[in-house]
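Quick note, the sequences are listed as chains A and B, same order.
FYI, the numbering for the first sequence is -5 to 287, going by our numbering.
FYI, the numbering for the second sequence is -5 to 287, going by our numbering.
For glycine and all other residues, C-beta sits at the position ideal for the given N, C-alpha and C.
Keep in mind the model is a prediction, meaning the values are calculated, not measured.
Have a look at the structure below, then the notes.
Number of protein chains: 2
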Amino acid sequence: MATKNRISVAFQGERGAFSQQAARQLLGEEIDVVPCQRFDEMFQAVASGRVDAAAVPIENTLHGSVHENYDHLLHFELPIVGETNVRIVHNLIAMPGVALKDIKKIYSHPVALNQCLKFLAAHPEMERTTFYDTAGSVKMLAEEKRNDAAAIASSVAAENYGAHILRKSIEDDRQNFTRFFLIRRPGKLKGAMAAAETARMESAKDWKSSLVFTTRNSPGALFRAMSAFALRDLSLSKIESRPLRGKPWEYLFYLDFLGKADDEVSQRAIAHLGETADFLRVLGSYPKGAQSK
Amino acid sequence: MATKNRISVAFQGERGAFSQQAARQLLGEEIDVVPCQRFDEMFQAVASGRVDAAAVPIENTLHGSVHENYDHLLHFELPIVGETNVRIVHNLIAMPGVALKDIKKIYSHPVALNQCLKFLAAHPEMERTTFYDTAGSVKMLAEEKRNDAAAIASSVAAENYGAHILRKSIEDDRQNFTRFFLIRRPGKLKGAMAAAETARMESAKDWKSSLVFTTRNSPGALFRAMSAFALRDLSLSKIESRPLRGKPWEYLFYLDFLGKADDEVSQRAIAHLGETADFLRVLGSYPKGAQSK
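Structure, rendered in structure tokens:
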């Protein structure tokens, strides 16, 4: 079972992943982190009670929604209780004492390497080498005590493995943000997790709720579904269709609206949506995450 | 300038990428392919007239929309003239004469490795090693004449580099499809490209059109925008909101509907949408792509 005095949080990736930063933004620095190799392992860890919560990446401004995690949200039925946004800042990281001029190789995940093309073009002497994970590449530098190489990863990764940042923020595009959900097991909480949630809920000003639904296959079906919100002046902050494979012209919709699912107007809107939807699930209501820096 | 007798098609990735398969599905086997390192290079190649067309991945059933390519569609203003879906089939590929028992290392892009976890778990003797590109890992095996390693990539990659497939379809999830757009320069076409487009257009039964628009920041704005289609019985096949960074509560919407943009009813719907949208662009009308195998 999860510890009672410190909150344990699962995330996908190595220690120092951007997901760890999301977990800190949501629950503070005093947390125990449990890295997982795959997304489903992280959901499994929460469902089994091995950890208190998980930080789940759900969409990125450049790469879109992480459909796999929507699938897990539906399958595991773990409520969303928080939201945060992390700006993806890539740093050039090396072991202490290693200077920029010493770097012959740069290791990172291919996606991160591709997001730092301007820096890499300006340093043709540094050979780029792919690695399975951004934070994992810093871990490798530390384990192998490399003095001829650098990694591209988050500042949390540098801190985790006793490395230092040679160049801050070398990403090409600063408009690169990932939105994370905080999930936990349903029901009553205990200990540190209960205290943290009460504090987060009490300080919340704006709320958001996330739904998944399917509509019948007919023109205007989505239009009717959305009337449940529009006619009640409830603002949507996300709508996305996802084709159901093997079922041509049937779609799953992800919808977020501004409101708390147990407010009266939200309850009525959700009931109204239920009349037109074939399937409807409220994934959670949570304090709206801060705009990231 | 692009050749007149054979169509030249740009795509992102090495020869043998899934994008090359998309290009073949759209334009046949007799095409000249022009691999590009980045998505923007592929758009630039079309815009400058260096190639006739490009195959652009726009969404994946597991990973969602490729927002970066929507950005390039808006920036380069190159019309979408075709659509196709490619099932992402991962194969274990080695050089001729290399058997399964010889394999000590498996190379591929981390995303592909992560989509073949069941196979990898059943073969712990094969060490997984990340590579910048799926097809690129087959190219490397061929160049280095490796007899101790395999790659995970498409069947087109095996064919391209004279390699053979040791195990077909080792991916965990068969519901993994990528949707591609075919783009070209606006205006009148010549030669092979003109003939191919005429043939594709004449055999088209169903049409789709893709739009991008923004709405004013008010509850119900999207609802009103969608009435332009719902009230005319035009079916939507995609709707997706994307927050505009730095402009809280302003969204860009991607919308696909079933219809040809120059049909009368479509023209009226688009004009109606234009009344409620702050910004509206028709990205293209194209024959609906076949359901993939």
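Query, Result
"Integer-rounded CB distance, given that phenylalanine 174(A) should sit under 8 angstroms from valine 50(A)", "6 angstroms"
"Touch test, the region 270 to 277 of chain A against the region 189 to 209 of chain A, Cβ-Cβ under 8 angstroms, three pairs minimum", "yes"
"Exposed unless 16 or more other CB atoms sit within 10 angstroms - verdict on leucine 94(B)", "exposed"
"Residue interval of the alpha helix (DSSP H) (run including proline 104(B))", "104 to 108"
"For valine 80(B): DSSP bridge partner residues", "Thr172(B)"
"Residue-chain proximity (isoleucine 233(B), chain A), Cβ-Cβ < 8 angstroms", "yes"
"Terminal residues of the alpha helix (DSSP H) in which phenylalanine 37(B) lies", "33 to 41"
"8 angstroms Cβ cutoff, glycine 268(B) in contact with chain A", "no"
"Minimum C-alpha distance to glutamine 109(A) - residue among Glu121(A), Ile146(A), Ala136(A), Ser197(A)", "Ile146(A)"
"Meets three-Cβ-pair contact criterion under 8 angstroms: the region 65 to 79 of chain A and the region 131 to 151 of chain A", "no"
"Three-state class that DSSP yields for glutamate 142(A) in the structure shown", "According to the sequence as given, residue 142(A) is aspartate; it is not glutamate. Looking at aspartate 142(A) - three-state DSSP - the assignment turns out to be coil, as it is neither helix nor strand."
"Buried versus exposed, by CB contacts within 10 Å (16 or more), threonine -3(A)", "Low per-residue confidence applies at threonine -3(A): pLDDT is 48, beneath 50, and the placement is therefore not dependable, though the value from the model is reported in the following sentence. Looking at its Cβ environment, which holds fewer than 16 other Cβ atoms inside 10 Å, threonine -3(A) is exposed."
"Distance, glycine 91(A) Cα to histidine 61(A) Cα", "42 angstroms"
"Helix, strand or coil at tyrosine 64(B) according to DSSP, with G and I counted as helix", "helix"
"Backbone secondary structure at leucine 230(B) - three-state DSSP", "strand"
"Own chain, CB closer than 6 angstroms to serine 229(A), minus 5 neighbours either side, in chain order", "Leu252"
"Contacts that asparagine 126(B) makes with chain A (C-beta to C-beta distance below 7 angstroms)", "Rather than asparagine, the amino acid found at residue 126(B) in this sequence is tyrosine. Ordered by position in chain A, the residues that pass the 7 angstroms Cβ test against tyrosine 126(B) are Pro104, Thr124."
"Simplified DSSP state of glutamate 53(A), which is helix, strand or coil", "strand"
"Burial state of valine 3(A) (16 or more Cβ within 10 Å)", "buried"
"Within 8 angstroms of chain B by C-beta, residues of the region 62 to 84 of chain A in sequence order", "Glu62"
"Alpha-carbon to alpha-carbon, leucine 68(A) and arginine 32(A)", "17 angstroms"
"Inter-residue Cα distance where the pair is serine 235(B) and serine 231(A)", "8 angstroms"
"Range of the contiguous beta strand (DSSP E) that encloses serine 197(A)", "Segment: none, serine 197(A) is in no beta strand (DSSP E) and carries neither H nor E."
"Cutoff 8 angstroms: leucine 216(B) Cβ touching any chain A Cβ", "yes"
"DSSP-derived helix/strand/coil call for asparagine -1(B)", "coil"
"DSSP state of tyrosine 155(A) mapped onto helix, strand, coil", "coil"
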